[in-house]
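FYI, this note's numbering numbers position 682 of the first sequence as 675, with every residue one higher than the one before it.
Inspection log for the structure reproduced underneath, given as structure tokens.
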Amino acid sequence: MADELAKGYEPQEFETKWYQHWEQQGYFHADEKSTKPPYSIVIPPPNVTGVLHMGHALNNTLQDILARWKRMTGHEVLWMPGTDHAGIATQNVVEKQLAAEGKDRHDVGREAFIERVWKWREESGGQIINQLKRLGASCDWERERFTMDAGLSTAVREVFVSLYEDGLIYRDNRLINWCPRCHTALSDLEVEHDDKKGSMWHLRYPIKGSDQFLVVATTRPETMLGDSAVAVHPEDERYTDLVGKVIELPLTGREIPIIADDYVDKEFGSGAVKITPAHDFNDFEMGKRHNLENINILDESGFINENGGAYQGLERYAARDKVVADLDALGLLDKVEEHLNSVGECYRCKTTIEPYLSLQWYVNVQPLAKKAIKAVESGQTRIVPQHWEKTYYEWMYNIQDWCISRQIWWGHRIPAWYCEDCGEITVSREDATCCSKCKSTNLRQETDVLDTWFSSGLWPFSTMGWPEKTDALSKFYPTSCLVTGFDILFFWVARMMMMGIKFMGEVPFKDVYIHALVRDAQGQKMSKSKGNVIDPLTVIDEFGTDAFRLTLAAFAAQGRDIKLSTERIGGYRNFCNKLWNASRFAMMNLEGFVPTETVQWDELNLSMADRWILSRMAAVERETNAALEGYRYNEAANTLYAFTWHEFCDWYIELIKGALYGDDAAAKLSAQTVVYTVLERLLRLLHPVTPFITEEIWQTLPGTRPVASIMLADYPQGKGLLEDATATAQMEQVMEIIRAIRNIRGEMDVSPAKKITALLDCKTSADCGVMTTGQEYIRALARIEELTIGVELTQPEQIAKQVCGEVEILLPLAGLINVEEEEKRLDKEIAKVQKDVDMFTKKLSNEKFVANAPAQVLEKDRGKLAAAQEKLTVLKASMEKILALK
RNA sequence: GGGCGAAUAGCUCAGCUGGGAGAGCAUCGGUCUUACACACCGAGGGUCACAGGUUCGAGCCCUGUUUCGCCCACCA
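Below, the structure is given as structure tokens:
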């Protein structure tokens, strides 16, 4: 598809092309009939209303890395994609559209409204899927699911009915969290708490039959319209004789009792609490204990209802103002204080929720939670990083019954029918036609729908065709890994655990990898209101998908949030450019080279550099696999980054230029073979992280390979390479020499253009041999014109000197190097080495250290001390000579 | 109130089972050395938050403290 690499790295030129190609070729498709070992991931289904944000980008990049890596390691990979119908969120979107037309959903009616939502979904609900494709997500799109699909709806109904039959689903009339804007109940999880500045009003409640008052404090004075009692602590001496007396509740004309309950905190406020059982969770419990009346004063929009007397029709905050004003006018407002209190808000629209008395459907989740706890304790499901286990347990242990009914229209309608004749509730898998008890056909279906999270809780098996027994389920369930953010640990992960165990008899995933949050460069959460949002698509346009993915992977260290900035992405774009150019270099020098499928290394005349890079490659391959195995994405990314740039490009390519440009055919062939081998394997290693650039380059490599796409190639695991520890050590010794010479040149300001003379004075013939083997490298990379290597050389007088192991580097000054500069440089160097000598001397003269430390450690340190001492002696001698020259 | 996490170079962070502190960016000096200036070569820079303890040896283990961040919880 590509024949030659363009001059510059232009990701826009090929990313879309390759994605389409992969998809058309069916490379993303998972075959449940395959005999390969399975590896499966279900996507956290983004909301249909969703637009790709950084969270999605990170989440899906990490999943794609796993999917591509596992595909290349010989697994049959299923990455199951889809979207969530997102009940309230989606309904809100369409309601807003209606509002723009001056209508609300009741104007159009339930059926027409739902039709409209579907229409909306068809037109604009799929954009996030296309955005995921731009990210390179290798999902099996042929299997794409939607939580409102027919199949998934069947699963939802099956689960609901089974749970009902097991007695785990029930209805009850109790206080729930009510969103007056969305007009629906919410589960506890769907309420976000936020500390807000507010007021605490102290109200005087007249005591009947006296001219005295009892002062009560409240943050919501309007609820006094629904007060059923005033409570004091039973052991509060101030009030013992008031218990049993009666309050004449102002503004209502009602009389309510003063009761004693040890829930009341004597120290707080006045020690007396107004009790409004229909509008406060604590008061509700107390009401039950004392048989108090529940007086609901609000309608479902948060306006005062008929129980509010004169206040009927007022919006809740208007009512609050009026109640306060009226009490004040009556002299019943004791005082107002500033008060910080936690206000519950709807997680979808941020409206302050109201505790509201209503009849709702619940799941008794305790029995399910017990098994979900055990599954993690026993290791059937492993949570990574492990510390999240504690959070998971904490929530599971304290789990409350789950309110699953929502008073909205968009969602899975609860399969329950009420008999208008006998009142029986019929819950059934098929739409009921008659009452299960009296057979009356006078039925009314429940209008409530289920919590969105009810259907997403079934995602790992509903997407694979459950309740049918499908091949997909038997091949791919339980899934291998779930990749998700901690923000939906309770909402989603916990529910999937419970539902999976209950209905599949097996945990839904073996591993749960929990990743961090993506924040802005300052560590702030990205939000539209703060204006600090970085749009992934903009980033992709500017830097390319690969650079973006590499950035995310490189920063995805466990347990720490990612602070993202475009500069950083730019840095990883530079990496892509580096890889691109290194590949161009390789290709330019591979003319006439025909790669073979396997290489007989011993048939080649491998150089020291060749042996070194092959050995390093093998190590890097093992490290990369180990890092991915442990979900240490950052380690994998950084290992590959450093190897590619600083070993392959900075050193290896420079080292082989001589062989490539030279006349020695054997040397050239071996350099070509190795540069091809390393580059080709490196591309495969990088592919899961940077899929596009690796495919583009891989496709232009000379020769043919056994598969048509890098996606289908084997992932390198350190096999088939030559590993030569001796050559590696020798190469590294030569590199040390080169670095030392460069250092002197740099320190002395010797221009790179200036070729200089150098002597390498070796103590041993072994070192001398190594230096001789590496002499061309030293000449080229340290820019040495005349290089003399020998044992115990006669040293010239005016030299700059450095010591590298047992090799002394001598650079004749001769008009090049200034004596003062060399003195300064030596001074610095001597100080450095002196520090080492002191440190090791001290350490080794510590008797306890010598007595207790392992022999290896001792030997190592002794060696280091000896080397440092030797080096110091030589440098000091050199210093004497320099001083003598002055 | 309970729980969790973080504190390491100017900035952002690595540092896996305790053995002489690392990277990227930024800074400074030098280079158009025929793949790459989105580059190359070199240099400087740290009491690893604080105080104790364990150990021959602590960034890492233990105890306490401080400062940030997050999650959960019914205090009117």
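Backbone N, C-alpha and C define an ideal beta-carbon position, used for all residues, glycine too.
Same chain, Cβ closer than 7 Å to residue i, neighbours up to 5 away in sequence not counted
i    : result
D717 : R604 and S608
L466 : F454, M457, G458 and W459
A611 : G711, L714 and E716
I792 : L803, L804, P805 and L806
I288 : G219, S221, A271 and N300
T632 : V613, E616, T617 and A620
R488 : W446 and G450
Test item: CB-CB of residue i and residue j under 7 Å
i    : j    : result
I562 : A540 : yes
A362 : I397 : no
Q373 : V500 : yes
K136 : M73  : Sequence inspection shows Arg at residue 136; the Lys mentioned does not correspond to that position. Taking 7 Å as the Cβ cut-off, R136 and M73 qualify as a contacting pair.
L703 : E689 : The residue asked about is misnamed: residue 703 is Ile in this sequence, not Leu. Not closer than 7 Å, so no.
A425 : W402 : no
V223 : A265 : yes
C642 : A550 : no
K430 : S473 : no
E69  : P31  : yes
F578 : P695 : no
A658 : N598 : no
L145 : F277 : no
R150 : R422 : yes
Own chain, CB closer than 8 Å to residue i, minus 5 neighbours either side, in chain order
i    : result
S263 : H195, L207, V208, V209 and A210
W638 : F568 and K571
P529 : L45, H46, M47, H49, A50, Q124, L128 and F541
M519 : H46, M47, V511, R512, D513, N525, V526 and I527
T834 : L858
A848 : none
N357 : G160, L161, I162, Y163 and D394
V867 : K794, V796 and E801
Beta-carbon contacts of residue i that lie in its chain and below 6 Å, excluding the five residues immediately before and after
i     : result
D188  : L333 and S335
F479  : I507
M(-6) : In this prediction, M(-6) has a pLDDT of 41, which is less than 50 and means its spatial position is unreliable; what the coordinates show is noted afterwards. Hits under 6 Å: Q692.
M872  : L819
F636  : V613
Run of the alpha helix (DSSP H) containing residue i, from where it starts to where it stops
i    : result
E628 : Y626 to A635
N52  : M47 to M65
C761 : S758 to T766
V682 : Run containing V682: none; DSSP gives neither H nor E here.
E863 : A848 to L878
S192 : Segment V184 to P199 is the beta strand (DSSP E) holding S192; no alpha helix (DSSP H) there.
S155 : A143 to E158
R604 : M601 to E622
C569 : T559 to M581
I249 : From DSSP, I249 is part of no alpha helix (DSSP H) but of the beta strand (DSSP E) over E248 to A253.
For residue j and residue i, believed in contact at Cβ under 8 Å, the rounded distance
i    : j    : result
W573 : Y2   : 4 Å
E282 : D254 : For the sequence presented, residue 282 should be read as Arg rather than Glu. Contact holds; Cβ gap of about 7 Å.
H939 : Q438 : Since the first residue shown for the chain is -6 and the last is 879, residue 939 is missing from the structure and cannot be characterised.
D464 : S433 : No, D464 and S433 are not in contact; Cβ-Cβ is about 43 Å, not under 8 Å.
T66  : Y708 : 5 Å
H78  : V35  : Their Cβ separation, rounded to whole angstroms, is 16 Å, which puts H78 and V35 out of contact at 8 Å.
Enclosing beta strand (DSSP E) for residue i [first to last residue]
i    : result
P805 : V800 to P805
F206 : F206 to T211
F274 : Premise fails: F274 lies in the alpha helix (DSSP H), F274 to H283, not in any beta strand (DSSP E).
A844 : Premise fails: A844 lies in the alpha helix (DSSP H), E840 to N845, not in any beta strand (DSSP E).
K794 : I792 to C797
- the segment 529 to 538 in contact with the segment 561 to 581 per 3-pair CB rule at 8 Å: As far as the Cβ criterion goes, the segment 529 to 538 touches the segment 561 to 581, which means the pair count is three or higher.
- Contact between the segment 102 to 120 and the segment -3 to 14 (3+ Cβ pairs under 8 Å): Put simply, the segment 102 to 120 does not touch the segment -3 to 14. Fewer than three CB pairs are less than 8 Å apart.
- Message: When you compare the segment 270 to 278 with the segment 337 to 353, are there three or more beta-carbon pairs, one atom per stretch, that lie closer than 8 Å?
- Response: Contact annotation: the segment 270 to 278 touches the segment 337 to 353, with at least three C-beta pairs closer than 8 Å.
- Contact between the segment 762 to 770 and the segment 722 to 742 (3+ Cβ pairs under 8 Å): At 8 Å Cβ cutoff, the stretches touch.
- Message: Check whether the segment 675 to 687 and the segment 655 to 665 touch, using three or more Cβ-Cβ pairs below 8 Å as the test.
- Response: Result no; under three Cβ-Cβ pairs closer than 8 Å.
- Query: Touching or not, the segment 766 to 779 and the segment 741 to 752, by the rule of three or more beta carbon pairs under 8 Å?
  - Reply: Verdict: yes, contact present.
- Message: Does the structure place the segment 230 to 239 close enough to the segment 315 to 322 that three or more beta carbon pairs sit under 8 Å?
- Response: Taking 8 Å as the limit for Cβ pairs, the verdict is that the segment 230 to 239 does not touch the segment 315 to 322.
- Message: Under 8 Å: do the segment 77 to 85 and the segment 59 to 66 share three or more Cβ pairs, one atom per stretch?
- Response: Between the segment 77 to 85 and the segment 59 to 66 there are fewer than three inter-stretch CB-CB distances shorter than 8 Å, so the stretches are not counted as touching.
- For the segment 85 to 102 against the segment 724 to 739, are there 3 or more C-beta pairs whose distance is under 8 Å? The segment 85 to 102 is not in contact with the segment 724 to 739.
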